[in-house]
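In our numbering, the protein residues as written are 379 to 594.
Here it is, written out as structure tokens:
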């Protein structure tokens with residue numbers, strides 16, 4: 379996928395041996411990261427207008443349903459003790475995240491998304507959907523051989539989840555149109571970094587076809 383960087387930067391990364399293509403499997407899992415209202419709606423202090431991200435993700439979920447691909451959703455949720463205390467270091471660095479309290483509208487999945495009761499939901503406290511959760515065990519139990527990661531934010535939780543998926547041994551595919559961030563710069567930089575080191579940043583229609591047919 380084209381990068382926003384100049385040819386000189388691309389040459390540096392190519393010389394270093396980055397950016398090879400991952401091997402896609404036939405048992406993918408779609409991991410939708412943190413598309414809760416606190417991230418997808420600008421009315422929330424932690425959010426921005428991620429309408430296009432939500433719409434693209436909904437299309438991927440529909441494709442996954444057609445192809446029999448499992449869908450896993452994640453959400454950041456803090457208990458009152460966590461939100462009001464100092465036990466979670468991330469909340470000292472990013473105090474705005476304290477608003478993501480359990481039971482609040484901010485931590486509800488965006489209602490425009492086609493969540494179903496049979497889907498899996500991972501509640502997390504950190505950036506990566508793997509850190510401190512049972513996600514790795516869940517993907518193993520599902521027989522996953524490839525992770526498709528999308529959601530928000532690209533430079534934060536999506537990137538962290540993609541890195542950890544790779545470190546757990548799963549090839550990673552990241553559909554750019556189904557990822558969103560608060561600003562274009564961090565979004566584009568994260569996609570560049572993922573493409574260079576951790577997974578393949580792919581086109582939307584490519585992922586719709588892949589999820590529908592499981593790479594057949």
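Here a beta-carbon is modelled for each residue, glycine too, at the ideal position from N, C-alpha and C.
Run of the alpha helix (DSSP H) containing residue 591, from where it starts to where it stops | Sequence index remark: in the chain shown, residue 591 carries index 213 (1-based). Residue 591 -> alpha helix (DSSP H) spans 582-591.
Check the DSSP bridge columns for residue 451 and list the partner residues they point to.
-> Counting from one through the chain shown, the residue named residue 451 turns up at place 73. Paired residues: 410, 499.
What three-state label does DSSP hand residue 535 in the structure shown?
-> The residue given as residue 535 occupies position 157 in the chain shown. Residue 535 falls in the helix class under three-state DSSP.
Is residue 576 helix, strand or coil by DSSP?
-> To locate residue 576, count along the chain shown from 1; it is residue 198. Of the three classes helix, strand and coil, the one that applies to residue 576 here is coil, per DSSP.
For residue 491, three-class secondary structure by DSSP = Mapped onto the chain shown, residue 491 falls at position 113. Coil, per DSSP.
For the candidate residues 540, 502, 430, 572, whose alpha-carbon lies nearest to that of residue 490?
-> Along the chain shown, one-based indexing puts residue 490 at 112. Comparing Cα positions, the closest option is 430.
Length of the line joining the Cα atoms of residue 482 and residue 455 = Position 104 of the chain shown, counted from the start, is the residue given in the question as residue 482. Position 77 of the chain shown, counted from the start, is the residue given in the question as residue 455. Distance between the alpha carbons of residue 482 and residue 455 is about 9 Å.
Three or more beta-carbon pairs under 8 Å between the segment 494-501 and the segment 521-530, yes or no?
-> no
Outcome for residue 577 when other beta-carbon atoms lying within 10 angstroms are tallied against a minimum of 16 = Sequence index remark: in the chain shown, residue 577 carries index 199 (1-based). With 16 or more Cβ atoms within 10 Å of its Cβ, residue 577 is classed as buried.
Which of helix, strand or coil does DSSP assign to residue 445?
-> Along the chain shown, one-based indexing puts residue 445 at 67. Three-state DSSP puts residue 445 in a helix.
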